[in-house]
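One structure is given below, encoded as structure tokens.
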Amino acid sequence: QQQVKQSPQSLIVQKGGISIINCAYENTAFDYFPWYQQFPGKGPALLIAIRPDVSEKKEGRFTISFNKSAKQFSLHIMDSQPGDSATYFCAASSNTGTASKLTFGTGTRLQVTL
Amino acid sequence: NAGVTQTPKFRVLKTGQSMTLLCAQDMNHEYMYWYRQDPGMGLRLIHYSVGEGTTAKGEVPDGYNVSRLKKQNFLLGLESAAPSQTSVYFCASSYRGSGYGYTFGSGTRLTVV
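Each protein sequence line maps, in turn, to chains R and P. According to the working numbering, the first sequence is numbered sequentially starting from -6. According to the working numbering, the second sequence is numbered sequentially starting from 108.
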């Protein structure tokens, strides 16, 4: 059972454009929604995260939009650059229970072209 | 400040062989995790630990065992490797739960032939 659904699987954006990656979740107990960025041959690295008490969080060119009622959240990369080419994973977790563990989406491979 | 170190980085095993993957962190994190990454399937949790001497099953634990004898180390064992275990394995650690962010290692690429 996939609890976090991510789309698209791959994305090609021109330099300077906006990259948008979407995720949807099922578990209403989720209360932490991070995005991870992974470059080839490397492990994922935390990019930006949001909690459901806010609808948007911005850090530089990266913005998370959160829609609690629709159980959806998205990553927007403004002014996309070739250096942003990587695989992006959304994730979600709940802090209830013995250990809060991240459930990851299936990933989006982003390619930013010149 | 190494963060999370995984060894080895690459390994080829024959079906039925055993091996141990080592994960070491120097950040004094309580929680540690083992994930596998397969094309189109994202990162799936194999086992995790909430502290020294503790382990628990994740989403895909079959065929794997783990041990956390020391706080800084988390070992993943394959007793009898199968081709279905061909994957890239990532170890991660966090201070407490996921809300503190995970720090990942650089991965171990395992091929079982």
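All residues carry an ideal CB built from backbone N, CA and C; glycine is no exception. Here the structure is a predicted model, which means the values were calculated and not measured.
Item to check | Closer than 9 Å at the beta carbon, the chain R residues around residue 213(P) | outcome: Here the neighbours are 34, 35 and 36.
Checklist entry - Do you know whose CA, among 169(P), 207(P) and 198(P), lies nearest residue 86(R)'s CA? => result 207(P)
Next on the checklist: Going by DSSP in three states, residue 45(R) sits in which element: helix, strand or coil?
Outcome noted: coil
Next on the checklist: Quick check: what's the CA-CA separation for residue 21(R) versus residue 28(R)?
Outcome noted: 18 Å
Checklist entry - Looking at the structure shown, is residue 145(P) part of a helix, part of a strand, or coil, going by DSSP? => result strand
Checklist entry - Near residue 23(R), what residues of its chain come up, given a Cβ to Cβ distance below 7 Å and the 5 sequence neighbours on each side ignored? => result Cβ within range, chain order: 85, 86 and 87.
Item to check | Endpoints, the beta strand (DSSP E) within which residue 60(R) is located | outcome: 55 to 60
Checklist entry - In terms of residue numbering, what span does the beta strand (DSSP E) encompassing residue 199(P) cover? => result 194 to 201
Next on the checklist: With a threshold of 8 Å, are at least 3 pairs of Cβ atoms found where one atom belongs to the region 166 to 173 of chain P and the other to the region 135 to 151 of chain P?
Outcome noted: yes
Item to check | Candidates 12(R), 96(R) and -2(R): closest to residue 73(R) by CA position | outcome: Residue 12(R) holds the alpha-carbon nearest to the alpha-carbon of residue 73(R) among 12(R), 96(R) and -2(R).
Item to check | Cβ pair count under 8 Å reaching 3, the region 173 to 192 of chain P against the region 125 to 135 of chain P | outcome: The answer is yes - the region 125 to 135 of chain P touches the region 173 to 192 of chain P, with three or more Cβ pairs under 8 Å.
Checklist entry - Under three-state DSSP, which class holds residue 209(P)? => result Residue 209(P) sits in coil when the DSSP states are folded into three classes, being neither helix nor strand.
Checklist entry - Shortest alpha-carbon distance to residue 210(P) belongs to which of 35(R), 18(R), 77(R) and 60(R)? => result 35(R)
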